[in-house]
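Report on the following structure.
In our numbering, the protein residues as written are -12 to 163.
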């Protein structure tokens, strides 16, 4: 993507960065928690066998973990399939949703107060993706987050060019 201004361009999150990276993080986190719980269960079973005469099965940990992994897969897949960004000369449309919901958000450039580029270290290192955050006047939180987009720096520069074309005076001071 060039740094030219964006005109009616439709974007989707990068599948590797959005779907596979998040799913990998969820699964690795679940495995870590399961290992810790199984180790703790081993100590608890020794205690319970001596004091109460019974023990708890490992299946009480593994079955919920597998169900959580399946649920995580379904949620991430639904969010990925419903996420779409459409960038016009004067506005940005964001379509998204979850398993049981859909939403649409439109933001005119004249209401934009801040555009930020976030490059999460691990996601950017492995997937070469990043996030562009767009805040608007009157909003208490980030209005639109373009998550896990490929070539986020070019997208960020394209949005800044569109803002300049819409009459914004953009001054950048020393960036960290």
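Glycine included, every Cβ here is placed at the ideal spot set by N, Cα and C. These numbers come from a predicted model, not from an experiment.
Check the DSSP bridge columns for residue 209 and list the partner residues they point to. The question about residue 209 has no answer here: the residues shown for the chain are numbered -12 through 163.
When we look at the beta-carbon of residue 86 and count the other beta-carbons within 10 Å, is it buried (16 or more) or exposed? As a working mapping, residue 86 is identified with position 99 in the chain shown. Label assigned to residue 86: exposed.
Could you have a look at residue -1 and say whether DSSP puts it in helix, strand or coil? Numbered from its first residue, the chain shown carries residue -1 at position 12. Three-state DSSP puts residue -1 in coil, outside helix and strand.
Residue from 93, 64, 33 and 4 with nearest C-alpha to residue 122: Mapped onto the chain shown, residue 122 falls at position 135. The candidate whose alpha carbon is nearest that of residue 122 is 93.
Measuring only the C-alpha atoms, how far is residue 19 from residue 78? Indexing the chain shown from 1 puts residue 19 at position 32. Indexing the chain shown from 1 puts residue 78 at position 91. The straight-line gap from Cα to Cα measures roughly 43 Å.
Can you check which of these residues, -3, 1 and -4, is closest to residue 115 by C-alpha distance? Along the chain shown, one-based indexing puts residue 115 at 128. Closest option to residue 115, Cα to Cα, is 1.
For residue 6, write down the residues that DSSP places opposite it in a beta bridge. Counted from its first residue, the chain shown places residue 6 at position 19. Note: residue 6 sits in no beta bridge, so no partner.
Closest Cα partner of residue 28 within the set 49, 17 and 12: Position 41 of the chain shown holds residue 28. Per the Cα distances, 49.
List, from N- to C-terminal side, the beta strand (DSSP E) runs of 3 residues or more that fit wholly inside the stretch 39 to 115. Within the stretch 39 to 115, the complete beta strand (DSSP E) runs of at least 3 residues are 71 to 74, 78 to 84, 89 to 95 and 99 to 105.
Can you tell me whether residue 11 is buried or exposed, with buried defined as 16 or more other CB within 10 angstroms of its CB? In the chain shown, residue 11 corresponds to position 24, counting from 1. Exposed is the call here.
Taking residue 129 as the reference, which of 148, 103 and 113 has the closest Cα? Against the chain shown, residue 129 aligns to sequence position 142. The shortest Cα separation from residue 129 among 148, 103 and 113 belongs to 103.
Under 8 Å between the Cβ atoms of residue 96 and residue 153? Counting from 1 along the chain shown, the entry for residue 96 is found at position 109. Counting from 1 along the chain shown, the entry for residue 153 is found at position 166. Contact flag set, yes.
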